[in-house]
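Protein chains in written order, with UniProt numbering: chain A, 1 to 535; chain B, 1 to 535. Where a beta carbon is used, it is the ideal one built from N, C-alpha and C, also for glycine. Single-structure report; data block below.
There are 2 protein chains.
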Amino acid sequence: MVVSEEIQSTVEGDGATSKKAAKKAAKAAEKQQKKEEHKATSGQPQNDATEPDISEGRYGTRKLIQSSGEHRQRIYTDVKDLSLSLDGKDVWVRARLQTSRAKGKQCFAVLRQSSSTVQLLINVSEERGVSKQMVKFAGNITKESIVDVRGTVVKTSSPVESCTIREVELLGAELWLVSAAKPQLPLQIEDASRPEKNDDPEALKIRVNQDTRLDNRVLDLRTPANQAIFRIEAGVCRLFRDILTKKGFVEIHTPKIISAASEGGANVFTVSYFKSSAYLAQSPQLYKQMAIAADFDKVFTVGAVFRAEDSNTHRHLTEFVGLDLEMAFKNHYHEVLDTIGSTFTEMFRGLQEQFASEIATVEQQFRVEPFKFLDPPLRLEFPQAIQMLKEAGVTLGEEDDLSTPDEKLLGRLVKAKYDTDFYILDKYPLAVRPFYTMPDPNNPKASNSYDMFMRGEEILSGAQRIHDPEFLTQRAQHHAIDISNIAAYIESFRLGCPPHAGGGIGLERVVMLYLGLDNIRKTSMFPRDPKRVTP
Amino acid sequence: MVVSEEIQSTVEGDGATSKKAAKKAAKAAEKQQKKEEHKATSGQPQNDATEPDISEGRYGTRKLIQSSGEHRQRIYTDVKDLSLSLDGKDVWVRARLQTSRAKGKQCFAVLRQSSSTVQLLINVSEERGVSKQMVKFAGNITKESIVDVRGTVVKTSSPVESCTIREVELLGAELWLVSAAKPQLPLQIEDASRPEKNDDPEALKIRVNQDTRLDNRVLDLRTPANQAIFRIEAGVCRLFRDILTKKGFVEIHTPKIISAASEGGANVFTVSYFKSSAYLAQSPQLYKQMAIAADFDKVFTVGAVFRAEDSNTHRHLTEFVGLDLEMAFKNHYHEVLDTIGSTFTEMFRGLQEQFASEIATVEQQFRVEPFKFLDPPLRLEFPQAIQMLKEAGVTLGEEDDLSTPDEKLLGRLVKAKYDTDFYILDKYPLAVRPFYTMPDPNNPKASNSYDMFMRGEEILSGAQRIHDPEFLTQRAQHHAIDISNIAAYIESFRLGCPPHAGGGIGLERVVMLYLGLDNIRKTSMFPRDPKRVTP
Chain A
1 MVVSEEIQST VEGDGATSKK AAKKAAKAAE KQQKKEEHKA TSGQPQNDAT EPDISEGRYG
61 TRKLIQSSGE HRQRIYTDVK DLSLSLDGKD VWVRARLQTS RAKGKQCFAV LRQSSSTVQL
121 LINVSEERGV SKQMVKFAGN ITKESIVDVR GTVVKTSSPV ESCTIREVEL LGAELWLVSA
181 AKPQLPLQIE DASRPEKNDD PEALKIRVNQ DTRLDNRVLD LRTPANQAIF RIEAGVCRLF
241 RDILTKKGFV EIHTPKIISA ASEGGANVFT VSYFKSSAYL AQSPQLYKQM AIAADFDKVF
301 TVGAVFRAED SNTHRHLTEF VGLDLEMAFK NHYHEVLDTI GSTFTEMFRG LQEQFASEIA
361 TVEQQFRVEP FKFLDPPLRL EFPQAIQMLK EAGVTLGEED DLSTPDEKLL GRLVKAKYDT
421 DFYILDKYPL AVRPFYTMPD PNNPKASNSY DMFMRGEEIL SGAQRIHDPE FLTQRAQHHA
481 IDISNIAAYI ESFRLGCPPH AGGGIGLERV VMLYLGLDNI RKTSMFPRDP KRVTP
Chain B
1 MVVSEEIQST VEGDGATSKK AAKKAAKAAE KQQKKEEHKA TSGQPQNDAT EPDISEGRYG
61 TRKLIQSSGE HRQRIYTDVK DLSLSLDGKD VWVRARLQTS RAKGKQCFAV LRQSSSTVQL
121 LINVSEERGV SKQMVKFAGN ITKESIVDVR GTVVKTSSPV ESCTIREVEL LGAELWLVSA
181 AKPQLPLQIE DASRPEKNDD PEALKIRVNQ DTRLDNRVLD LRTPANQAIF RIEAGVCRLF
241 RDILTKKGFV EIHTPKIISA ASEGGANVFT VSYFKSSAYL AQSPQLYKQM AIAADFDKVF
301 TVGAVFRAED SNTHRHLTEF VGLDLEMAFK NHYHEVLDTI GSTFTEMFRG LQEQFASEIA
361 TVEQQFRVEP FKFLDPPLRL EFPQAIQMLK EAGVTLGEED DLSTPDEKLL GRLVKAKYDT
421 DFYILDKYPL AVRPFYTMPD PNNPKASNSY DMFMRGEEIL SGAQRIHDPE FLTQRAQHHA
481 IDISNIAAYI ESFRLGCPPH AGGGIGLERV VMLYLGLDNI RKTSMFPRDP KRVTP
């Protein structure tokens, strides 16, 4: 069989990490390619059996698609568009072969495109020109290979429960291998897609652990849940930008390579920069503020943020996507707080409206409690939180920061009392916030700063910033920060700067918490943590 | 005068890069703040003169806006909204004092908000309660300070040619200093805004050189042209994303920290990564391709890209914003080429339609020839370009790459012949493209690759990528690339991958070339080059 030869050469190439092995693989590939060219030209797979093949020219391995112009006019139908309206029609589909089982004179297969699946039936039929050799070929194609199928859309007698397309299936007439997957996959999509709900009867079956998933991310990302998660993530980004653009914000881009570690030098990655060195920005904040001092009034930026923290937790990454915004206000930083709050509620509503089917897909694998929010969002002040925690038995001083367990408990208390998974906690103690945070004018121990929470975890930290250069200098000195390192920053405020406030959001956290997932690595396509910089 | 005291303290703080100086400044600031608190409470600036001031409580320095709740209900009008429809109305405006000149009993000032300006007249008037002390105060406010003004909108007898708002001016009744600029600014907005057209009668006047601008970017960014340029840049980003989203693309985020230098290790920045080291990604390409292998079908990403090239030219940055896209296709990479081409024409049309006034603002300072393009865009093949250059006297081999001067000349030849500033050059010689470029199936010396040009400069480079692991291995070896460094990359294609193509665009180049500007530092808000990592 030609197909098994192809697979053989793929397997040989598999371990090709040494040059020698790679060379051998390349030679095999060359040989194989020539053979395939011959095949493709002759339009027929070579056949070990001597008996005539009525499917000649209807199946085999397609010549490497190198844009020769062949089949250029062929129109393909998407799996998701297969429906009763196409009943009886002949269509071409390019999709992954999720599974295929040949048994005697027929082969049942499932074709998959992103999260959509459809059943394919290839059975021996003189009428349609399908030979038993062709059925055997179909049964031997490796899972996850990409195939071109020509088939007739046929109404099924009963709904196909195992596929997303249930009312119709394809009756195959041609089958061409476009790109072969190797036979021994490091994980099975079926296993990686298995529901993880505790009370699920399937819960005891094989699972794929996080590291195996991430080591083989290309495969792992093909699960319906992952296809949905990263579409939702794209949606969060788009909604964030569109909502702010409508509110008059301007998108800016801030440098990731910076000359000085802005906040004391801790947790910062060093970069070799020609004959000197530089750092990776932990936040675009100083630049957002400069943009405000430069009259852009309201700005946002979406980009990579770097933290050299050796934190190996479910919610820390060393590189993540920051959704940052900064806004000049007239008289009170609540003008900004309200803008951020309504941005979140509009975003949550947008996700509900535009991503209902993706959310449902995620729900099939993970236990997702629907995300609840109030409009306008709930805003509590720090002392209220302290009081709620106190009533729940946690003792905290009025100038203490909240620990992560405190935050989680508070999230549960707030949910119980107010029925919301999102809330704003305003007026943090001055002592626990960075030097540039504006103190509360009415309470020397408080500040004009806030965090926002989703399901009890912090997803935004922000504040009114000090826009007066002398006051800023004074506060930096109070925090023992070397003024010479932040000279350019302070200088911005000597050129006239309106009062302003802002905040930074971690994109991956928003998606994780909106969906109620348990690990941030599930919402970062190629996550980076202290132990992982691959793939 | 209180104001000059305030200025004094600012000047003292100006050189505060040493700790000692900073401490001194902080003390002065504290003293000053207390004084201001007193002033604000009394609602009246202290007055050296003994004569009574009828403007008492109508001018002075506003207490630091710390969100005390004061004036929270006050409604401000934007400068751009001041028009005849408000004639006779009293309004509050917060804006920069661009200039102010007191002469005798009146002070003429210009208020600026982003690119909009309006004239403010403050003259002694018992009726409006304006004293000569208040007029003097207005004349002494430093340029670029932010002020709150209450005034009456008044129709002007003749259009104010020096302002963007020409039909009305403001007759001031209150004037409060919100944030003072220091008196000695490192550059004047007037100088930084001066037209740079060669035939302009003002061309001989003072200019601000590029480094002074960049060293004082917060001020430089306040010029009308810069206010417009970065709004146009935000527009390019938005249009790019919106057009692709409509075409079914999914936005992804790719890591900037990577484990291995992908393309041979040249021009790559090294990062200290905990106890090991890593690199900054020169391109998201490998990750975009993995996303294609992971069934996302069509993806784009917008993010920082790093190049450790010691190139000190008008068009190189060490960090820039990449607009990258990748797309699976069915049979011919021109499916992708056409998608990218139409994305550009839609983007150019969107800029024309949505940013006409910003483009006009840039035009007031820089000589901008309107950008011309064809729809569908012009596509030439490499041999045609060689032929056009040959006819113009340039001799090139058919496997030579184009030099930058060749590209510029070609741009002029194409413009002369086809009247377009944008075109696609297809079918580059295989020899000059990276290892992963798909060779042309019909011509062993050519490849399925393309560049795109704006005004004769390259702004996109792209190709069909090799999606077959053995063929890819072979081509990498041909390029003497260490296979072990790209094992994960090659492995992606052993899991089944559709044919695909894509490209990467430099955002700053697109904006520079669309507007016909001469330096990429004009379109990067905080540019990075081998000699600059600040501000």
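Check whether the Cβ atoms of residue i and residue j lie closer than 8 Å to each other.
i: P376/B; j: E399/B; result: no
i: F230/A; j: M525/A; result: yes
i: L171/B; j: L219/B; result: no
i: M454/A; j: L513/A; result: yes
i: K155/A; j: L84/A; result: yes
i: S67/A; j: H316/B; result: no
i: D421/B; j: K415/B; result: yes
i: V511/B; j: E233/B; result: yes
i: M347/A; j: I258/A; result: no
i: F108/A; j: L97/A; result: no
i: V153/A; j: Q106/A; result: no
i: D529/A; j: T318/A; result: yes
i: E174/A; j: Y59/A; result: yes
i: L460/A; j: I490/A; result: no
i: A463/A; j: A501/A; result: yes
i: D440/B; j: A446/B; result: yes
At least one CB of chain B closer than 8 Å to the CB of residue i: is that the case?
i: Q66/A; result: yes
i: P383/A; result: no
i: R528/A; result: yes
i: S311/A; result: no
i: C163/A; result: no
i: R303/A; result: A quick correction: the sequence has Gly, not Arg, at residue 303/A. By this cut-off, G303/A is an interface position.
i: M1/A; result: Summary for M1/A: the model assigns pLDDT 29, below 50, so the residue's position carries little reliability; its value from the coordinates is reported in the next sentence. Answer no: the Cβ-Cβ gap between M1/A and chain B never drops below 8 Å.
i: V533/A; result: yes
i: Y450/A; result: no
i: I146/A; result: yes
i: K182/A; result: yes
Give a yes or no on whether the minimum CB-CB distance between residue i and chain A is below 8 Å.
i: L185/B; result: yes
i: M438/B; result: yes
i: K330/B; result: yes
i: L495/B; result: yes
i: S461/B; result: no
i: R521/B; result: no
i: T339/B; result: no
i: residue 560/B; result: The first residue shown for chain B is 1 and the last is 535, placing residue 560/B beyond what the model contains.
i: D295/B; result: yes
i: H316/B; result: no
i: L219/B; result: yes
i: residue 536/B; result: Lying outside 1 to 535, the shown extent of chain B, residue 536/B is not represented and no answer is given.
Measure how close the beta-carbons of residue i and residue j come, nearest whole angstrom, since I'm counting them as under 8 Å.
i: V178/A; j: P498/B; result: 7 Å
i: L221/A; j: A294/B; result: 4 Å
i: K205/A; j: R194/A; result: 6 Å
Segments of 3+ residues assigned as beta strand (DSSP E) that fall wholly inside the region 307-378 of chain B: Whole beta strand (DSSP E) segments, 3+ residues: 319-328.
Segment contact, 8 Å Cβ cut-off, at least three pairs: the region 245-254 of chain A with the region 377-396 of chain A: Segments in contact, no.
Continuous alpha helix (DSSP H) assignments of at least 4 residues falling wholly in the region 211-285 of chain A: If we require 4 residues or more, the alpha helix (DSSP H) runs fully inside the region 211-285 of chain A come out as 217-220, 224-246.
Alpha helix (DSSP H) runs contained entirely in the region 420-490 of chain B, provided each spans 4 or more residues: Runs of the alpha helix (DSSP H) inside the region 420-490 of chain B: 469-478.
Those runs of the beta strand (DSSP E) which lie wholly inside the region 121-204 of chain A and span at least 3 residues: Segments of the beta strand (DSSP E) lying fully in the region 121-204 of chain A: 146-155, 168-179.
The region 53-65 of chain B contacting the region 131-150 of chain B, beta-carbon criterion three pairs below 8 Å: Per the Cβ contact rule, the region 53-65 of chain B is in contact with the region 131-150 of chain B (3 or more Cβ pairs under 8 Å).
Length at least 4, wholly inside the region 501-529 of chain A: the alpha helix (DSSP H) runs in chain order: Uninterrupted alpha helix (DSSP H) stretches at least 4 residues long and entirely within the region 501-529 of chain A occur at 507-515, given in chain order.
The region 326-341 of chain A / the region 296-306 of chain A touching (three or more Cβ pairs under 8 Å): Touching, yes, given that three or more Cβ pairs across the two stretches are closer than 8 Å.
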